[in-house]
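Chains A and B are the protein sequences, given in the same order. For what it's worth, the numbering used here labels the leading residue of the first sequence as 1, then goes sequentially. For what it's worth, the numbering used here labels the leading residue of the second sequence as 1, then goes sequentially. The beta carbon of each residue, even a glycine, is placed where N, CA and C say it ideally should be. If you're wondering where the values come from, they're calculated on a predicted model, not measured in any experiment.
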Amino acid sequence: MKKCEITLTVNGEQLTTMVAANQTLLEVLRENLGMTETKYGCGTGECGACTVLLDGTKPILSCLTLAAAMDGRHITTAAGLARDGQLHPVQQAFVDESGIQCGFCTPGMVMKTVGILARTPNPSDEEIRHGLEGNICRCTGYAKIVSSVKRAAELMADQSAAE
Amino acid sequence: MSSRVLPDFELLMPKDLGEGLQLLSRHGSDVAIMAGGTDVLVMMKANYRSPYVMSLAGIGGLDHLDWAPETGLRVGALTTVDQIEQSGAVKQHYRALWQAATLFATPQIRNSATVIGNLLRASPAGDCSCAVLALGGTVVLESVDGRREVAIDDFWLDYNLTARRPDEIAVELRLPPPGKGTGSAFRRLTRTHEDLAKLNASARLDVDGKICRTARLAMGCVGPTTQRLPKCEAILVGKAIDEALLKTLDDVIQSEIAPIDDKRSTAEYRRAVAGVLLRRTISQALAD
Chain A
1 MKKCEITLTV NGEQLTTMVA ANQTLLEVLR ENLGMTETKY GCGTGECGAC TVLLDGTKPI
61 LSCLTLAAAM DGRHITTAAG LARDGQLHPV QQAFVDESGI QCGFCTPGMV MKTVGILART
121 PNPSDEEIRH GLEGNICRCT GYAKIVSSVK RAAELMADQS AAE
Chain B
1 MSSRVLPDFE LLMPKDLGEG LQLLSRHGSD VAIMAGGTDV LVMMKANYRS PYVMSLAGIG
61 GLDHLDWAPE TGLRVGALTT VDQIEQSGAV KQHYRALWQA ATLFATPQIR NSATVIGNLL
121 RASPAGDCSC AVLALGGTVV LESVDGRREV AIDDFWLDYN LTARRPDEIA VELRLPPPGK
181 GTGSAFRRLT RTHEDLAKLN ASARLDVDGK ICRTARLAMG CVGPTTQRLP KCEAILVGKA
241 IDEALLKTLD DVIQSEIAPI DDKRSTAEYR RAVAGVLLRR TISQALAD
């Protein structure tokens, strides 16, 4: 099959790779670039495990995105959130509130949370639950994930007050 | 069938609309056109096959969402459901479409999926499709031979079949401006919030004083396409809509729908709740 060269900016770094027409963004991240923090769950857009951010704030499903159509775009994965060895407030909040059990949904949940808080910095419980739709967790029952998102909002507010 | 791997296809990435139309005039019926990809790629991971996939992503100027009081709303081929949800103009003037957009699938899907893609999927469960049918309007189809407009009432021919010819791109959806007394609403029933609808309904009513002047009622998941309910519409027109009048729709709607049993609901259940959903949708449109 015909391949084409694309350049992606992933977590701030420009990366060039050859992709086949039928490769999804998820496959390119995991297989071509070795970035396995983004997970394959269902492959059909139901579970949200493969969620990455487009242009810094927009959650999209990397399993339903053709890599070849993403040439030149900016992608953020869970590994791109930490700064200088410090966890991102959203990651810290998931640790603090025990929003993680088996951990498989966590990268998607964390990316989704960044997306929710970018649009709604101080979300209500209802806004959090509506925002988390499309990300499935089979362990936690969601209560601790919802409190993690709330905690993340507080941490980010503290952080921006300190800056 | 693996949901992991997409089948082989040749990817067409036109840089402008003219190039895209040229490609379609050559390869036409062998091309699956992709905007957000949330339907096409899921179908290809199941059993759908197409020698060519044409991505519209490289074509500029197709993601517009323009509102003007004289001309109404213009929605581009790459305009996402999220753009609809975030638009104050849509929320104010096309409440049914805005409500459908807020309930549509999940945030990730809304960030990629397009309104026009939802129309082109021609599924009777499409939420934006149901709202668009109630609101009325036209789909602008373009080929190398020029442009034509197809009314939304004539757009869906059958399940998964539209009036679009294989050499055409649906470039724009146009919704007429609302009148002074126009209100609209969309509602749906699902098992969980992010499911496909088991039943959806939308209404647009033009009310003058208390009298309903025109009514457009649409329902999905009750036939091969999203459909109008002309008998129910006729009952409302020329009358003041009250609870007693709405109650009469419960019987009338039974002769207008033909639901089936599937994994999301039984036909019996859909028949039992169709009138209730329609009444609630109409009441919501009256309150808009």
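#### Entry: Buried or exposed (CB count within 10 angstroms, at least 16 for buried), residue 320/B
Only positions 1 to 288 of chain B appear in the structure, and residue 320/B is not among them; the question remains open.
### Message
Could you give the first and the last residue of the continuous beta strand (DSSP E) run that contains residue 189/B?
### Response
182-189
### Message
Let me confirm a value: residue 52/B is counted as buried when at least 16 other C-beta atoms fall within 10 Å, else exposed. Which label applies?
### Response
buried
### Message
Count Cβ pairs between the region 133-150 of chain B and the region 102-115 of chain B that sit closer than 8 Å; are there 3 or more?
### Response
no
#### Entry: CB contact check: residue 83/B to chain A, cutoff 7 Å
no
### Query
Of all the residues that make up the region 103-123 of chain B, which are near chain A by a beta-carbon distance shorter than 8 Å?
105, 106, 107, 108, 109, 111, 112
### Message
Counting only Cβ pairs nearer than 8 Å, list the residues of chain A close to residue 45/B.
### Response
43, 44
### Query
Does any C-beta atom of chain A lie closer than 7 Å to the C-beta of residue 11/B?
yes
### Query
Would residue 189/B count as contacting chain A if we go by Cβ distances under 7 Å?
no
### Task
Under 8 Å between beta-carbons, which chain B residues line up against residue 115/A? List them in chain order, please.
107
### Message
Against chain B, with Cβ distances strictly below 7 Å, would residue 123/A count as a contact?
### Response
no
### Query
Is residue 101/A closer than 7 Å to residue 140/A when the C-beta atoms are compared?
yes
#### Entry: Among 262/B, 17/B, 273/B, the one whose alpha carbon lies nearest that of residue 250/B
273/B
### Task
Output the boundary residues of the beta strand (DSSP E) element that contains residue 14/A.
13-20
### Message
Assuming contact is defined by CB atoms lying nearer than 7 Å, are residue 36/A and residue 30/A in contact in what I supplied?
### Response
yes
### Task
Can you tell me which of the three DSSP states residue 220/B falls into?
strand
### Simplified DSSP state of residue 171/B, which is helix, strand or coil
strand
### Query
Name the residues in the region 51-74 of chain A whose C-beta lies less than 9 Å from a C-beta of chain B; which are they?
51, 54, 58, 59, 60, 61, 63, 64, 65, 66, 68, 69, 70, 71
#### Entry: Residue from 88/A, 73/A, 125/A, 121/A with nearest C-alpha to residue 16/A
73/A
#### Entry: residue 64/A and residue 37/B closer than 7 Å at C-beta
yes
### Task
With a threshold of 16 other CB atoms inside 10 Å of the CB of residue 47/A, please say whether the residue is buried or exposed.
buried
### Query
What residues in its chain sit with their C-beta under 8 Å from that of residue 271/B, if we drop five residues either side in the sequence?
254, 257, 259
### Task
Would you mind sorting residue 165/B into buried or exposed? The rule is 16 or more other CB atoms within 10 Å of its CB.
exposed
### Reduced DSSP category for residue 27/B - H, G, I as helix; E, B as strand; rest coil
helix
### Task
Quick one: list the residues of chain A neighbouring residue 7/B, beta-carbon separation under 8 Å, in chain order.
22
### Query
Mind checking whether residue 237/B and residue 203/B have CB atoms under 7 Å apart?
no
### Query
Considering residue 269/B, what are the terminal residues of the alpha helix (DSSP H) in which it resides?
267-287
### Task
Please classify residue 82/B: does DSSP put it in a helix, a strand, or coil?
helix
### the region 128-138 of chain B / the region 10-19 of chain B touching (three or more Cβ pairs under 8 Å)
no
### Task
Report all residues from its chain with a CB closer than 6 Å to the CB of residue 147/A; omit the five preceding and five following residues, and keep chain order.
97
### Assumed close pair residue 73/B, residue 63/B - CB separation to whole angstroms, cut-off 8 Å
14 Å between Cβ atoms; not a contact.
#### Entry: Partner residues on chain B for residue 133/A, Cβ-Cβ distance less than 7 Å
106, 107, 193, 194
### Task
Determine the extent of the alpha helix (DSSP H) in which residue 109/B is found, giving its start and end residues.
107-112
### Task
Pull up the distance between the alpha-carbon of residue 41/A and that of residue 113/A, whole angstroms please.
18 Å
### Query
DSSP on residue 63/A, reduced to helix/strand/coil?
helix
### Query
What separation, rounded to the nearest whole angstrom, lies between the Cα atoms of residue 226/B and residue 151/A?
43 Å
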